[in-house]
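Residue numbers (the working numbering): 17 to 193.
Next up, the structure:
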């Protein structure tokens, strides 16, 4: 029912709905599988997010469709908005510019999040923003259960500082192994 915060800050994530733990999904490790129906993990609001890492995969059955959120805000329009097209970020004003014009990487390579689709195989995604952004959940937007993540989440790391290139590479290497 709770995904423990390993940072020591006590910001545990509580589940809503029934996401499923899939054991031995990747290198002997478990992942959380979200299939819809209002599934998410909610944590205390973070207003100073600068670097984030995910190990995620989208279910291929929803490729190119739906509003999928890899981070959300349950109280207002999410900073992490996409455009209902299977890509990371929105080309219009919906995605916060500090995210969209930051650095988004997929498996260690810089990508354009406006044109790059979510991965269907478990992959490492990282984002360094150009300013503070907020979120308080993974899974769906503001209680709109039709706008939610459908796929797997193996890891979520959120930092309140903009990590250096070397630090990003080190964390990505850790997650890859």
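Glycine included, each C-beta is placed from N, C-alpha and C at the ideal position.
Selected residue, minimal CA-CA separation from residue i, among the options
| i | options | result |
| --- | --- | --- |
| residue 67 | 141, 178, 34, 189 | 178 |
| residue 131 | 103, 163, 87, 37 | 103 |
| residue 133 | 153, 50, 158, 82 | 82 |
| residue 157 | 40, 25, 168, 97 | 97 |
| residue 20 | 50, 173, 109, 112 | 173 |
Residue environment, residue i, which counts as buried when at least 16 other CB atoms sit within 10 Å
| i | result |
| --- | --- |
| residue 92 | exposed |
| residue 151 | buried |
| residue 141 | buried |
| residue 186 | exposed |
| residue 45 | exposed |
| residue 89 | buried |
| residue 5 | Because the chain is modelled from 17 through 193, residue 5 falls outside the range shown and cannot be assessed. |
| residue 65 | buried |
| residue 106 | buried |
Beta-carbon contacts of residue i that lie in its chain and below 8 angstroms, excluding the five residues immediately before and after
| i | result |
| --- | --- |
| residue 53 | 33, 34, 161 |
| residue 76 | 136 |
| residue 166 | 50, 51, 52, 74, 75, 77, 78, 82, 84 |
Residues near residue i by beta carbon distance below 6 angstroms, same chain, minus five either side
| i | result |
| --- | --- |
| residue 30 | 18, 58 |
| residue 60 | 27 |
| residue 163 | 83, 156, 157 |
| residue 110 | 97 |
Contact set for residue i: own chain, Cβ-Cβ below 7 angstroms, skip 5 residues either direction
| i | result |
| --- | --- |
| residue 114 | 145, 146, 147, 149 |
| residue 191 | 69, 71, 140, 171 |
| residue 42 | 138, 170 |
Neighbour flag for residue i against chain C, beta carbons, 9 angstroms
| i | result |
| --- | --- |
| residue 59 | Any reference to chain C falls outside this structure, which holds one protein chain only. |
Alpha helix (DSSP H) segment containing residue i, residue limits
| i | result |
| --- | --- |
| residue 190 | 181–192 |
Endpoints, the beta strand (DSSP E) within which residue i is located
| i | result |
| --- | --- |
| residue 167 | 167–175 |
| residue 78 | Careful: residue 78 lies outside any beta strand (DSSP E) and carries neither H nor E. |
| residue 55 | Run containing residue 55: none; DSSP gives neither H nor E here. |
| residue 37 | 36–42 |
| residue 158 | Where residue 158 is concerned, there is no enclosing beta strand (DSSP E), given that its DSSP letter is neither H nor E. |
| residue 30 | 29–32 |
Which runs of the alpha helix (DSSP H) fall wholly inside the region 88–149 and span at least 4 residues, in chain order? Listed in chain order, the complete alpha helix (DSSP H) runs (minimum 4 residues) inside the region 88–149 are 113–116.
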